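The structure under discussion appears below in the form of structure tokens.
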Amino acid sequence: QGENLLYCFEVAPTQPALTQVTQCRTEGSTRGLAAVPRLALDVMACEVLRVLQLTDTALVPLSYLVPRKSVQEFHEDLFPDCTGMLPATDAQGWWAGDSQQVGRVSLHPARRPTETFTSPIIAGTGPTNTGHTDANTGHTDADQTSGYSSPSSLASPSSAATSLSASTGPSSGFASSPSQKSLQSILGPSSRFRHTQGRVLHRDHHLTNLRGLSLTTPGECDGFCANHQRAALPLLSTGGQIAVLELSKPGRLPDAAVPTIQNGAAVADLTWDPFDPWRLAVAGEDARIRLWRIPEGGLQETLQEPEAILQGHTEKIYSIRFHPMASDLLVSSSYDMTVRIWELSTRQEVLCLQGHTDQIFSMAWSPDGKKLATVSKDGRIRLYEPRHSSQPQQEGPGPEGGRGARLVWVCGGDYLLVSGFDSRSERRILLYRAQALPEGPLSVLGLDVAPSTLLPFYDEDTSVIFLTGKGDTRVFLYEVTPEPPYFLECNSFTSNEPHKGFIFLPKTACEVREVEFA
């Protein structure tokens with residue numbers, strides 16, 4: 001009572017005994033709930049449960065339907081015979097030991113007894129002619145009831161009409177039958193991945209006893225970085241030290257100090273080369289980028305000499321990103337409000353992108369490597385084509401709040417997803433068409449109020465976006481689709497303690513036999 005969430009579980013005699021099927025958010029707070037008797041259900045629409053919710057001002061019917069390809073026939077497996085309305089014995093008979101059961105009746109519209117109960121409030125029980133087998137049983141009286149609609153008109157997705165099994169969402173690519181289409185118009189689309197389960201792997205896979213971690217990396221940095229072989233973590237100690245841990249050697253780290261990289265300046269951002277798992281690029285607060293090479297087998301002794309130093313920025317660097325297609329290409333953004341592209345083979349700056357007027361929160365290469373997008377504190381998103389011009393090709397309005405933002409390319413590089421804040425510090429995600437930035441966002445979704453910027457990670461195979469912030473315990477999951485409603489919610493994941501950083505490993509690390517996709 002007083003809540004606006006309604007959970008639906010399946011109960012089984014075997015483990016797991018309780019499985020969550022769905023949860024739905026109702027428009028008003030619940031003051032009371034009652035289940036409608038099974039005889040009143042609209043069986044031809046595959047309605048398996050109807051709940052009446054009492055709110056402060058209304059009695060709201062919530063309908064649960066199972067999607068079936070055909071709604072022309074009666075589905076025996078969903079509707080076994082149920083207890084009828086006629087008593088099996090009277091009070092004297094019961095005291096005398098009569099234990100007869102109430103007779104069961106069929107829910108099939110054609111075989112139904114005529115003495116069903118009727119109610120003007122509950123759709124489907126009004127004075128309709130019982131016994132006809134038309135698929136619209138229970139819908140015909142929608143216009144006769146006093147202002148209450150039948151389940152077929154619970155069309156607004158905000159009302160809690162919920163689907164029980166995986167109906168095909170708009171992005172699933174399957175051709176849907178007319179009955180599925182009508183069901184989707186009732187329920188609104190749902191994600192194919194909404195039952196995704198996040199779980200923490202066994203402790204045998206953890207690296208524990210980490211000491212002296214730097215938890216004050218700038219908001220533009222992810223906090224640490226990892227590839228499929230090793231992770232690099234900035235440490236608190238002076239001189240910008242970085243620990244490099246081999247992921248193939250999990251377990252408790254020794255209490256003694258581990259060998260580190262001595263960067264020489266505080267770490268602003270760091271990233272592994274996607275085409276060379278032994279090369280680490282580190283941006284320092286001294287406006288220099290240092291390239292470090294990790295020896296085969298991992299760090300055995302402290303590294304003090306970088307492979308190369310890139311100089312050109314005049315102020316502290318925000319973030320660095322390797323090119324997704326070409327080797328030896330690195331892009332960096334800095335407090336000097338420039339974005340510079342470096343060629344690592346010659347250790348030279350090859351292009352300086354202009355046009356920013358304030359702090360650069362985030363930048364991302366498009367999946368095909370042709371374009372570079374940036375989001376800035378001046379409330380603008382800019383799109384560059386570095387091979388053609390050092391000026392932005394197009395600009396559009398970004399998030400209003402100036403607390404931080406991130407961006408990532410989605411849906412094959414045709415769309416941009418930006419996470420940021422509104423003017424009231426609510427965290428939100430915005431979706432843009434990459435070809436039409438000036439038109440503004442196609443869709444905006446508010447998530448919650450929290451101080452840290454949401455870091456997005458996009459899985460291009462499933463089109464699922466993972467969002468979480470430093471210091472959060474919850475990871476939001478949404479399937480992103482190129483057509484409305486654009487964001488389809490999936491099960492979120494909650495960890496026991498707040499995370500200080502969050503990195504996704506390359507797809508090759510996934511256990512595909514377990515259907516692990518991230």
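Per UniProt numbering, residue 1 is the first one in the sequence shown, and the count goes up by one each step.
Beta carbons: idealized from backbone N, C-alpha and C, even for Gly.
Note that the structure is a prediction, hence the values are computed from the model and not measured.
- Query: Can we say the stretch 398-406 touches the stretch 423-442, given the rule of at least three CB pairs closer than 8 Å?
  - Reply: Contact check between the stretch 398-406 and the stretch 423-442: three or more CB pairs, one atom from each, fall below 8 Å, which counts as touching.
- Query: What is the C-beta distance between Arg290 and Val282, in whole angstroms, given that I count them as a contact (C-beta under 8 Å)?
  - Reply: Going by Cβ atoms, the distance from Arg290 to Val282 rounds to 5 Å, so yes, they are a contact pair.
- Task: For Gln83, name the three-state secondary structure that DSSP assigns.
- Result: As written in the sequence, residue 83 is Thr, which differs from the Gln given in the question. In this structure, DSSP gives Thr83 an extended state, which the three-state scheme calls strand.
- Determine the burial state of Asp414: buried for a count of at least 16 other Cβ atoms within 10 Å of its Cβ, exposed for fewer. Answer is exposed; the Cβ neighbour count stays below 16.
- The alpha helix (DSSP H) with Ala91 in it runs from where to where? Ala91 -> alpha helix (DSSP H) spans 91-95.
- Look at the alpha carbon of Thr208 and the alpha carbon of Lys470, and state the distance between them as a whole number of angstroms. Roughly 19 Å between the two C-alpha positions.
- Task: Would you tell me roughly how many angstroms separate the C-alpha atoms of Leu52 and Ala34, rounded to the nearest one?
- Result: If you take the alpha carbons of Leu52 and Ala34, they lie about 5 Å apart.
- Message: So, with DSSP's three-state summary, where would you put Glu514?
- Response: Helix, per DSSP.
- Going by Cα to Cα distance, which pick from Pro397, Val410, Leu445, Arg474 is closest to Pro437? The sequence as given places Leu at residue 437; Pro does not occur at that position. When the alpha-carbon of Leu437 is set against those of Pro397, Val410, Leu445, Arg474, the nearest one is in Pro397.
- On the premise that Lys316 lies in contact with Glu285, defined as a C-beta separation below 8 Å, what is that separation, rounded to the nearest angstrom? Approximately 5 Å separates the beta-carbon atoms of Glu285 and Lys316; this is inside 8 Å, confirming the contact.
- Message: Cutting at 7 Å between CB atoms, please list the residues of its own chain near Cys352, excluding the five before and the five after it.
- Response: Hits under 7 Å: Thr338, Arg340, Ser390.
- Within the chosen definition, does the stretch 502-509 reach the stretch 448-468 through at least 3 CB pairs nearer than 8 Å? Yes: the two stretches touch, three or more of their Cβ pairs being nearer than 8 Å.
- Message: Give me, in chain order, the residues of the same chain whose beta-carbon lies closer than 6 Å to that of Ala12; leave out the 5 immediate sequence neighbours on both sides.
- Response: Closer than 6 Å at Cβ, skipping near neighbours: no residue.
- Grab me the residues of Lys377's own chain with a C-beta within less than 7 Å of its C-beta, minus the 5 sequence neighbours each way, in chain order. The residues are Asp358, Gln359, Phe361, Gly402.
- Message: Can you list, in chain order, the residues of its chain with a C-beta nearer than 6 Å to that of Tyr335? Leave out the 5 residues immediately preceding and following it.
- Response: Excluding residues within five positions, the ones whose Cβ falls inside 6 Å are Glu315, Lys316.
- Message: Do Asn263 and Ile242 have their beta-carbon atoms positioned less than 8 Å apart in this structure?
- Response: Yes. Within cutoff.
- Opening and closing residue of the beta strand (DSSP E) in which Tyr384 lies: Tyr384: member of the beta strand (DSSP E) spanning 380-384, first to last residue.
- Message: For His195 and Arg68, I'd like the C-alpha separation in whole angstroms.
- Response: His195 and Arg68: Cα-Cα distance of roughly 19 Å.
- For Tyr432, write down the residues that DSSP places opposite it in a beta bridge. Answer by DSSP bridge pairing, in chain order: Leu416.
- Considering only residues of the stretch 437-473, which uninterrupted beta strand (DSSP E) runs meet the minimum length of 3 residues and lie entirely inside it, listed in chain order? As far as the stretch 437-473 is concerned, its whole beta strand (DSSP E) runs of at least 3 residues are 443-449, 455-459, 464-468.
- Hey, quick one: how far does the beta strand (DSSP E) through Gly298 stretch, first residue to last? Bounds of any beta strand (DSSP E) do not take in Gly298, whose DSSP letter is neither H nor E.
- Query: Between Thr302 and the rest of its own chain, which residues show a CB-CB distance below 8 Å, the 5 nearest in sequence each way excluded?
  - Reply: The residues are Pro259, Thr260, Ile261, Gln262.
- Item | Contacts around Gly2, its chain only, beta-carbon distance under 6 Å, and the 5 residues preceding and following it disregarded | Taking C-beta separations shorter than 6 Å and ignoring five residues to either side along the sequence, the partners of Gly2 in its chain run Ser29, following chain order.
- Message: Mapping the DSSP letters down to three states, classify Asp204 as helix, strand or coil.
- Response: Helix.
- Message: With a threshold of 6 Å on Cβ separation, who are the neighbours of Ser191 within its own chain once the five nearest residues in sequence on each side are excluded?
- Response: Residues of the same chain with a CB within less than 6 Å of the CB of Ser191, apart from the 5 flanking positions on each side, are Gly169, Glu479, Leu488, Cys490 in chain order.
- Message: Please identify the residue among Val66, Gln92, Leu65, His108 whose C-alpha is closest to the C-alpha of Glu73.
- Response: Among Val66, Gln92, Leu65, His108, the Cα nearest to that of Glu73 is on His108.
- Message: Given this structure, state the Cα-to-Cα distance separating Phe224 from Tyr64, to the nearest angstrom.
- Response: Taking the straight line from one Cα to the other gives about 45 Å.
- Query: Can you give, in chain order, each stretch of the beta strand (DSSP E) that sits fully within the UniProt repeat "WD" (310-352) and has at least 3 residues?
  - Reply: Runs of the beta strand (DSSP E) inside the UniProt repeat "WD" (310-352): 317-322, 329-334, 339-343.
- Query: Going by the beta-carbon positions, is the gap between Asp81 and Val105 smaller than 8 Å?
  - Reply: Yes, they are a contact pair.
- Contact set for Leu18: own chain, Cβ-Cβ below 7 Å, skip 5 residues either direction: Residues Phe9, Val11 of the same chain have their beta carbon placed closer than 7 Å to that of Leu18, with the five preceding and five following residues left out of the count.
- Task: Quick one: using the 10 Å Cβ neighbour count with 16 as the cut-off for buried, is Ser327 buried or exposed?
- Result: Exposed.
- Item | Which listed residue (Ala266, Gln229, Ala256) has its alpha carbon closest to that of Ser248 | Considering only Ala266, Gln229, Ala256, the residue with the shortest C-alpha distance to Ser248 is Gln229.
- Message: In this structure, how does DSSP classify Ala45 when only helix, strand and coil are distinguished?
- Response: Assigned with DSSP and collapsed to three states, Ala45 falls in helix.
- So is Thr14 buried or exposed if we call it buried at 16+ other beta carbons inside 10 Å? With fewer than 16 other Cβ atoms within 10 Å, it is exposed.
- For Phe421 and Asp459, believed in contact at Cβ under 8 Å, the rounded distance: Rounded to whole angstroms, the Cβ separation of Asp459 and Phe421 is 24 Å, and the two are not in contact under 8 Å.
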